[in-house]
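S.K.: Supplied in structure tokens, the structure appears directly below.
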Amino acid sequence: MGITEFVQSYYINPLTVNPDGPYNIYNTITYGILLAVAVYYLYGFLNKLKMKFDGRFFVATIPFIALAAVLRVLRDGNIIESVWLVSPLIYVSVFLMTVIPLVGSFLIERKIPRLKYHVVTFTLGVGLIFIFGSLLSVVNVAGAAKIFGLGLASSGAIFFASTLVKNDFFSKINLGILYAAMFDAASTYIGVAQYGYFEKHVLPNLLFEMFGPWAMFPLKLLVLGAILYILDKYEEDLNFNNFIKFAILVLTLAPAFRNTLRLLVGV
């Protein structure tokens with residue numbers, strides 16, 4: 001296989017010919033590397049602006065994670081057909097939609113302190129969700145309710161464990177990420193086991209073949225738990241630590257939103 005055919009088969013076709021198909025090992029590794037590079041340079045850029053990755057930053061950006069899910073479901077349902085709404089290009093699209101108002105409002109706040117950047121950016125994000133979300137129609141409340149119930153139950157189990165094991169690991173941010181991971185696992189489990197959806201990523205598919213879709217719960221806990229533990233133990237820069245955790249939250253919460261929304265609107 002020549003280079004051109006290789007690129008066409010493993011990178012171009014998954015975006016254009018079969019955007020709803022599974023990932024392959026080559027584009028999975030490539031996208032992972034590109035994501036790491038993008039996160040590194042984005043942190044450097046925002047850090048130079050002296051932006052703190054604290055509660056205000058999380059509040060400002062959370063709506064755009066949900067917006068990414070809405071846009072992706074619009075593409076899944078062929079309501080808006082654009083290659084820029086297919087993973088991973090949708091991350092570029094939403095990145096621009098997020099960073100431009102985020103940085104703009106942050107710089108404006110320096111000049112006009114009463115215009116809090118997180119309030120401005122949050123409001124814009126919620127407005128965009130309503131605009132694009134109005135194009136969708138609810139058809140399957142029961143499916144979304146199952147995800148919510150299972151996600152709430154598994155998150156409750158983690159919360160209960162955190163009350164028994166007094167450890168600094170169970171910070172509010174870490175617990176929030178683990179809760180998001182449980183909702184992501186619940187959305188995958190319900191979608192695959194009960195509604196005929198399939199997993200696109202390579203590693204979960206291998207585990208599904210061996211253990212079934214319930215494997216998403218221990219997989220999420222083990223992988224994310226290990227990453228969070230290593231971050232807290234070895235990364236002393238709190239600002240960088242929080243930024244990496246935000247990136248993890250995006251990668252966890254976005255598919256949870258998307259999966260749940262797909263069931264809710266029947267796509």
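In UniProt numbering, the protein residues as written are 1 to 267. Beta carbons: idealized from backbone N, C-alpha and C, even for Gly. Just so it is clear, the structure is predicted and the values come from calculations on it, not from any experiment.
1) Rank ILE90, LEU102 and GLY32 by C-alpha distance to the C-alpha of ASP76 and give the top, closest one.
2) Rounded C-beta distance between LEU264 and ASN140? I'm assuming under 8 Å.
3) Quick check on this structure: which residue in LEU85, PHE57, VAL39 and LEU74 has the alpha carbon closest to the alpha carbon of LEU15?
4) Hey, ILE65 and ALA254 are a contact pair by Cβ (cut 8 Å); roughly how many whole angstroms apart?
5) Does the Cβ-Cβ distance between ASN27 and TYR11 come in under 7 Å?
6) Please report the distance separating the alpha-carbon of ILE177 from that of PHE160.
7) Report yes if the C-beta distance between residue 268 and SER187 is below 7 Å; otherwise report no.
8) Would you kindly report the start and end of the unbroken alpha helix (DSSP H) that includes GLY2?
9) Can you check which of these residues, LEU136, ALA145, ALA157 and VAL7, is closest to PHE217 by C-alpha distance?
10) Along the chain, where does the alpha helix (DSSP H) that runs through LEU42 open and close?
11) Which term fits TYR23, buried or exposed, when burial requires 16 or more other beta carbons within 10 angstroms of its beta carbon?
M.R.: Considering the structure as presented:
1) ILE90
2) 6 Å
3) LEU85
4) 5 Å
5) yes
6) 16 Å
7) Coverage of the chain is limited to positions 1 through 267, which leaves residue 268 absent and any answer about it impossible.
8) Segment: none, GLY2 is in no alpha helix (DSSP H) and carries neither H nor E.
9) ALA157
10) 25–48
11) buried
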